[in-house]
Each structure stands twice: as C-alpha cells, then as structure tokens.
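Numbering (UniProt numbering), first residue to last: 1 to 349.
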C-alpha cells in the first residue's frame, strides 16, 4: 500500500506518494481540472494496488477531486491543516513548498489512525452550501444596517436611536420618516440602503425556509433537543459532514473542539481549553449550552454538580464541561437519526 498526499490549490494539485513508513517515493503536480484527475489516479495506482488518498481538508479547494476519487472506489481521508505543521516540522527538509506540504499530508495520514473518512452525500453538502450562503447574506445585511445607521445619525440622531430594522413595520415607519425629510444625497442613500435591507431580509427568510425543508426530515431527533433550532441543526449537519466518519463520540468531540487538552505531567491532572477543531461546530454547541442553561433544568443541574465536585473550578470550566457532554448528546442524536432514516449521512467533499 502507498499513501498519496494531496496539497490542493485553486490552479494546481501537488501529489506525493509515500510508503508504509513515510518514505517519499514520487511526486507529481497537475492542474486542478477534471481532465487531469484520471491521469493522477492512474499514476498513483501504477505504484501499488492499494492507494490511500490523504487530502488536506481545505474548504472547497479539493471537493471535485474527492468526489471523483470516491466515485472511482478509492479510500480518501481528510487531514486537518494543523496536523501538517507537526509532520512538516519533523521532516529533514526545511522550508515550505507544495511537495513538502503534500508529503506532510501523507505522513500525517500514516501517523493518525482516526482521521475522518470522506464519503459522498449530496444532502449534507446541500445543507452546508445553503447555510454558508445564509451566513453570507446575514453578514451583508448587518454591514448594510451599520452603514444605514451612520447616515441616520447624521440626518437626525433621533432616527438612529429609534429605528427598528428587524421588523417589517419598523422598516416601513422609518421609510415614511425618511421620505418626510428634505431631499438630499444622504437621505436618498439612506432610503436606498433601507430598500437593500428589506431585499436581503426577504432572501434570508427564503433561505431559512429552504433549509428547514431539508433539515426536518434528516434530523428529527436532533431538532427535539433543547437549544437546537433549524439553523443550528443545519450548521451541525453541514459541518459534521456525516456522523459515520467518526467512530466514537470522543472522535467527534475532538473534531468539534470540545474535548479538553491535558497539560499535566505530575500527580495532579489538569486540562485546558482546546482552541482547535471545527469552530463552526463549536459555536453551535456553545449556543446550545447557553440556551439549555436558561431553559433546561438538567443542564443547570449538570453545571451545579460539576462546581460542587470541583470547588476551585470556574464557571467557564463548568460551561466547557457541559459543552463536552452536549457533544455526546448531539453525537447520539445524529446516530439515531441515521438509523431511523436507514440512509447514511457521510462526509461531504
């Protein structure tokens, strides 16, 4: 068996093959276009009957190649970029280049035996694409609202202080008050920005409806959990990319960054916050934890028990422990939904 590490870029893909102990064999750079993938596959399969493809987990850069390899029956694992740095630092070669990075990807795949395995799943990919687009539209709307508020403050500070831009009625009232002002360039710009906010809000609501139609049949158990709405469930499904790629709940916790990191060497075990993992998933679990602390008595009981058992622990440490617990709860809910639908939700490319 050989491992083929891939360092993807927008215009090129660099591949380096390594044997079972991580020794470099050959390398090849091709254009990042579909017509080059068949040649890349034949090149790798010409070196061994069994090839493990290790691809740097760069969002969107290698999706087409991963889907092609999976359709060809190849096994593909996704290597987080932070593992490459460790593998690169232990190499004899210095510097940074595409072949060095591709070899680091291959060696990281050899060293780590619990990397996420990629699978094809169009539903989960669609959910992730829609949630990403939803986040982009919300960011655009927020930026537009901020620009409008500056204009309103200059026109009349009372307008900026009383403007309610999150409701249809509030925007209508503001539009009427703007049109009652003397005509000026700033007044026209403010009116135009208000129209943009209304259009963006309409698009955001339509996206939320489409996301709900996709998510509700996929994750009924997940949606039953306190603190999980349609958008949070969609974020979890899209960023998880298929729960089957995580063999245990601990592997899922390591992926989402809720698993604590040990920092002790003596007789007193100590752990610190993990700043790695998928931060989108981590943020979704954080929102879930905050909501449960407000509305769910078992979550409050869990927090109290944690603080009672550890008198010197801070409330932030207790919150992190709750998030780790909720990671297991979400993992079990995703597994249950997978079993109830009798269809896999594997990793998206």
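Each residue gets a CB set at the ideal place from its N, CA and C atoms; glycine is no exception. If you're wondering where the values come from, they're calculated on a predicted model, not measured in any experiment.
Could you spell out where the alpha helix (DSSP H) holding residue i opens and where it closes?
i	result
residue 176	168-179
residue 241	Unbroken run through residue 241: none, as it is neither H nor E.
residue 63	63-71
residue 204	185-218
residue 99	98-111
residue 52	Careful: residue 52 lies outside any alpha helix (DSSP H), inside the beta strand (DSSP E) at 51-56.
residue 290	279-295
Have a look at the options and flag the residue whose alpha-carbon is nearest the alpha-carbon of residue i.
i	options	result
residue 142	199, 215, 159 and 300	199
residue 298	313, 272, 99 and 325	325
residue 108	184, 6, 166 and 258	6
residue 104	130, 164, 214 and 3	3
residue 235	45, 253, 251 and 283	283
residue 27	97, 58, 79 and 205	97
residue 180	164, 169 and 159	159
residue 323	261, 335, 256 and 341	256
residue 341	216, 291, 119 and 170	216
residue 382	83, 45, 140 and 73	With the chain running from 1 to 349 in the structure shown, residue 382 is simply not present.
residue 278	251, 155, 270 and 300	251
Tell me whether the beta-carbon of residue i lies closer than 8 Å to the beta-carbon of residue j.
i	j	result
residue 15	residue 40	yes
residue 25	residue 47	yes
residue 75	residue 52	yes
residue 30	residue 12	yes
residue 207	residue 134	yes
residue 320	residue 281	no
residue 128	residue 238	yes
residue 106	residue 42	no
residue 218	residue 328	no
residue 178	residue 194	yes
residue 240	residue 334	yes
residue 1	residue 50	yes
Hey, could you find the ends of the beta strand (DSSP E) residue i is sitting in?
i	result
residue 45	Note, residue 45: premise wrong, no beta strand (DSSP E); alpha helix (DSSP H) at 37-45.
residue 24	24-31
residue 18	12-18
residue 75	75-79
residue 228	Counting along the chain, residue 228 falls outside any beta strand (DSSP E), and DSSP gives it neither H nor E.
residue 3	2-8
What does the alpha-carbon distance come out to for the pair residue i and residue j?
i	j	result
residue 126	residue 209	14 Å
residue 111	residue 21	9 Å
residue 77	residue 317	33 Å
residue 35	residue 66	14 Å
residue 344	residue 338	A caution first: residue 344 carries a pLDDT of 45, below 50, which makes its placement in the model unreliable, though a value can still be read off. For residue 344 and residue 338, the distance between alpha carbons rounds to 6 Å.
residue 302	residue 64	44 Å
residue 115	residue 312	35 Å
residue 258	residue 331	12 Å
residue 23	residue 294	54 Å
residue 214	residue 136	19 Å
residue 167	residue 117	44 Å
residue 58	residue 80	8 Å
residue 33	residue 8	11 Å
residue 276	residue 101	20 Å
residue 99	residue 71	26 Å
residue 249	residue 151	50 Å
residue 348	residue 203	Low per-residue confidence applies at residue 348: pLDDT is 45, beneath 50, and the placement is therefore not dependable enough to give any value.
residue 315	residue 263	20 Å
residue 132	residue 10	19 Å
residue 355	residue 183	This structure cannot speak to residue 355, because the chain is shown only from 1 to 349.
Using 8 Å as the threshold, is the stretch 282-290 in touch with the stretch 224-231, meaning 3 or more CB pairs across them? yes
Measuring CB atoms only, is the stretch 189-206 touching the stretch 137-157, in the sense that at least three cross pairs come out at less than 8 Å? yes
Any 3 or more C-beta pairs closer than 8 Å across the stretch 230-247 and the stretch 302-309: Because the criterion of three Cβ pairs below 8 Å is not met, the stretch 230-247 and the stretch 302-309 do not touch.
Does the count of Cβ pairs from the stretch 164-184 and the stretch 212-224 closer than 8 Å reach three? no
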